[in-house]
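Mind the numbering: the sequence shown is residues 35 to 138 in the working numbering, read in order. Every residue, glycine too, gets a C-beta built ideally from N, C-alpha and C. Below is one structure, written out as structure tokens; comments come after it.
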Amino acid sequence: KYSKTAGKSGKNNMSTTQLSHLFIRRRHAADETAHLLANAIRAQTRTIAFAGTRCLVEWIYEKTLSILKSDPDTADLAELVESYRGGYTAEARRSIESKLFRKE
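See the structure below:
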């Protein structure tokens, strides 16, 4: 017995091109987070996203801005996005928190 993709030898007879449609390309988790965050912002949902490292926070922030700015209908929403991470002064963090709670 042998399957449609493998001959009697058990080797796969499909080319790389034929196999490529079998795989689903996934976005990096940080990219997916940025897309989800942008969608939430479009829906006027106050949202906060957490990331494990400062680098990921900055990546998600920049990617979210890029997504929002790429659409003329949402470009103005980019100014509502704030980055919030460790390393900010307590004053800067309180300012960001205040804007979030005041729905700014």
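Is DSSP giving residue i helix, strand or coil here?
i	result
S129	helix
F84	coil
D107	coil
L134	helix
Can you name the start and end residues of the alpha helix (DSSP H) that residue i belongs to?
i	result
E92	R88 to K103
I75	A63 to R76
Please confirm whether residue i has its beta-carbon closer than 8 Å to some beta-carbon of chain C.
i	result
A72	Here chain C cannot be found, since the structure has a single protein chain.
Taking 7 Å as the cut-off, is the C-beta of residue i nearer than that to any heavy atom in the ligand NAD?
i	result
L56	By its list of ligands, the structure shown contains no ligand whatsoever, and the ligand NAD lies outside what it can speak to.
So, for residue i: in the same chain, excluding its five sequence neighbours on each side, which residues have a beta-carbon less than 7 Å away from its beta-carbon?
i	result
L56	none
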